[in-house]
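Following: one structure in structure tokens, then a few remarks.
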Amino acid sequence: MIFTHIEQAAADPILGLNDAFKADTRKTKVNLGVGVYKDDAGQTPILNVVKRAEAKLLEIEKSKNYLGIEGVQQFNHAVQTLLFGDNAEVIAQKRAVTVQAPGGTGALRIGSEFILRHTQSRTIWVSNPTWANHQNIFTTVGLEVKTYGYYNEGTHGLDFDAFLADLQHANAGDLVLLHGCCHNPTGIDLDDEQWQIIADLCLEKELIPFFDFAYQGFGRGIEDDAQGLRIVAAKVPELIVANSFSKNFGLYNERIGALTLVAENSDVAACSYSQIKRVIRANYSNPPAHGALIVSTILSDAELNLQWQQELAEMRIRIAQMRELFVETLMAEGVKQDFSFIKQQMGMFSFSGLNIEQVQQLREQFAIYIVGSGRISVAGMTTSNIPVICKAIAQV
Ligand code: PLP
-17 MIFTHIEQAA ADPILGLNDA FKADTRKTKV NLGVGVYKDD AGQTPILNVV KRAEAKLLEI
43 EKSKNYLGIE GVQQFNHAVQ TLLFGDNAEV IAQKRAVTVQ APGGTGALRI GSEFILRHTQ
103 SRTIWVSNPT WANHQNIFTT VGLEVKTYGY YNEGTHGLDF DAFLADLQHA NAGDLVLLHG
163 CCHNPTGIDL DDEQWQIIAD LCLEKELIPF FDFAYQGFGR GIEDDAQGLR IVAAKVPELI
223 VANSFSKNFG LYNERIGALT LVAENSDVAA CSYSQIKRVI RANYSNPPAH GALIVSTILS
283 DAELNLQWQQ ELAEMRIRIA QMRELFVETL MAEGVKQDFS FIKQQMGMFS FSGLNIEQVQ
343 QLREQFAIYI VGSGRISVAG MTTSNIPVIC KAIAQV
């Protein structure tokens, strides 16, 4: 017998919360746990532009033959343009190579496995706090995870001094995980000047930026959100980007993302590309087609592209409105604690400052589900559940 001794694994901190939410029979329950966009009716809709692209694909698709290991090439080119901009030097110089990946998670996994197998780097620095799955992915692959300071509990803002001080302890070749925008879980992003400083630091200490870019378009806009990445890419010769289309195309269950590597020159990029493909071959051989075809169909058609940008802007604007309404309603409920910082945060999440006892009380007494760290998914708020949420917060 080889399975008898296997113990029950702990539930995933975020997806486990989802299971508990589903099992809760209270009618008033609200899920502010997992980072999934909901419209004001509480639904996670399929974008209209995605439906249009799918209709087009249904007509023209002729085969379900395997894709190449790297995925849909038109998709991979479109990803580079989204990341680096229309006339980016790294693209013109062929220093960037991209492979399709099963979601942002798959890209992080393939990227880190490539690092482990084909470089001397063994350490990755992540922000404290960060998305819970980062630690899980990197340690499973075999990298050592170290943390840099990021969040200042007192100001509810960025602790940039701690960030820089901690990275002073990093060694040449260490990776630094950077959230491209809409930092998860804090919602706090760097400004351009701070990105310049991080780029200089990486250059000076020979650190390798590893961007996790899961929310492009959810912060300030598609181009603005890529500003940090573009600042770093203009200075640092080598970097990696794991990006996801789960959120900005609403393609959560299609598992579509990409891994992009930028090298010092096109020859090094081509060698790296060949080895990344070997890592993919050993994991899942080649990726699924549907999500990539949807994204590339939309990005290669001017009209569909425009419609996508409009629908993405609607999601972004709705979340910003929910932030405003949340803060106003808390004040109207007589909550003394200052929550105005929530309006300055970017993207789907807010680090609310609620402690673990308050989070538990919200769940047990009011059926409001929030991650233990106090992270709230603002994207799960609606005009009808905000009053309920704020009343409950006022009581805890
Ligand atoms: N990175 C961050 C910071 C995320 O928040 C998420 C999803 O929640 C991902 C990566 C993974 O995205 P995907 O669902 O595309 O794997």
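Numbered by the numbering used here, the letters in the sequence shown go through residues -17 to 378 in order.
In this text, a Cβ means the ideal position worked out from N, Cα and C, and glycines have one as well.
Quick caveat: nothing in here was measured; it's all calculated off a predicted structure.
- Message: On the DSSP letters alone, give me the boundaries of the beta strand (DSSP E) that R357 sits inside.
- Response: Within the sequence shown, numbered from 1, the residue matching residue 357 stands at position 375. Note, R357: beta strand (DSSP E), R357 to S359.
- Item | C184 classed as buried or exposed, judged by whether at least 16 other C-beta atoms fall within 10 angstroms | Along the sequence shown, read from residue 1 onward, the residue named residue 184 stands at position 202. With 16 or more other Cβ atoms within 10 Å, it is buried.
- Message: Check for me: the beta strand (DSSP E) holding E126 runs from which residue to which?
- Response: Position 144 of the sequence shown, counted from the first residue, corresponds to residue 126. Run containing E126: E126 to G131, per the beta strand (DSSP E) assignment.
- Taking the CB atoms as reference points, tell me whether I380 and S334 lie closer together than 7 Å. No information on residue 380 is available, as it lies outside the stretch -17 to 378 that the chain covers here.
- Range of the contiguous alpha helix (DSSP H) that encloses V31: Translated into positions along the sequence shown, residue 31 becomes position 49. For V31, the enclosing alpha helix (DSSP H) begins and ends at N30 to I42.
- Task: Taking only heavy atoms of the ligand PLP into account, decide whether any of them is closer than 6 Å to the Cβ of D194.
- Result: Against the sequence shown, residue 194 aligns to sequence position 212. D194: yes, Cβ under 6 Å from the ligand PLP.
- Which whole-angstrom value describes the C-beta separation of L331 and N166, a residue pair presumed to lie in contact below a C-beta threshold of 8 Å? Reading the sequence shown from its first residue, position 349 is the one you call residue 331. Reading the sequence shown from its first residue, position 184 is the one you call residue 166. Correcting the residue type first, residue 331 is Phe in the shown sequence and not Leu. Indeed they touch by this definition, with Cβ atoms about 6 Å apart.
- Message: Residues in the same chain with beta-carbon distance under 7 Å from F348, minus the five sequence neighbours each way, listed in chain order, please.
- Response: Locating residue 348 in the sequence shown gives position 366, where the first residue counts as 1. The residues are A374.
- Message: Could you check if S228 belongs to the surroundings of the ligand SAM, using beta carbon to heavy atom distance under 6 Å?
- Response: You won't find the ligand SAM in this model; what it holds is the ligand PLP.
- Would you decide whether F120 is buried or exposed? Buried here means 16 or more other CB atoms lie within 10 Å of its CB. Stepping through the sequence shown from its first residue, residue 120 is reached at position 138. Using a 10 angstroms sphere on the CB of F120, the tally of other CB atoms reaches 16 or more, which defines it as buried.
- Among I262, Y19 and M363, which has the Cα closest to the Cα of L49? The residue labelled residue 49 in the question sits at position 67 within the sequence shown. Restricting attention to I262, Y19 and M363, the CA atom closest to the CA of L49 is found in I262.
- Query: Taking the continuous beta strand (DSSP E) assigned at I106, which residues delimit it?
  - Reply: In the sequence shown, the residue the question calls residue 106 occupies position 124. Note, I106: beta strand (DSSP E), T105 to N110.
- Express the C-alpha separation of G356 and E95 in angstroms, rounding to a whole number. As a working mapping, residue 95 is identified with position 113 in the sequence shown. As a working mapping, residue 356 is identified with position 374 in the sequence shown. The straight-line gap from Cα to Cα measures roughly 31 Å.
- Message: Can you look up T87 in the DSSP assignment and give me helix, strand or coil?
- Response: On the sequence shown, position 105 is the one that residue 87 refers to. Looking at T87 - three-state DSSP - the assignment turns out to be helix.
- Query: Given V123, which residues of its chain have a CB within under 6 Å of its CB, disregarding the five upstream and five downstream residues?
  - Reply: Numbered from its first residue, the sequence shown carries residue 123 at position 141. Non-local beta-carbon contacts of V123 in its own chain, meaning distances under 6 Å to residues more than five positions away in sequence, involve S94, E95 and L98 in chain order.
- Message: Within 10 Å of its beta-carbon, does K426 have 16 or more other beta-carbons around it, so buried, or fewer, so exposed?
- Response: In this structure the chain extends from -17 to 378, so residue 426 is not present and cannot be described.
- Rounded C-beta distance between S226 and L157? I'm assuming under 8 Å. One-based indexing of the sequence shown puts residue 226 at position 244. One-based indexing of the sequence shown puts residue 157 at position 175. The beta-carbon separation of S226 and L157, rounded to 18 Å, does not stay under the 8 Å limit for a contact.
- At what residue ranges does the stretch 111 to 189 contain a whole run of the beta strand (DSSP E), taking only runs of 3 or more? Counting whole runs of 3 or more residues, the stretch 111 to 189 contains the beta strand (DSSP E) stretches 126 to 131 and 157 to 161.
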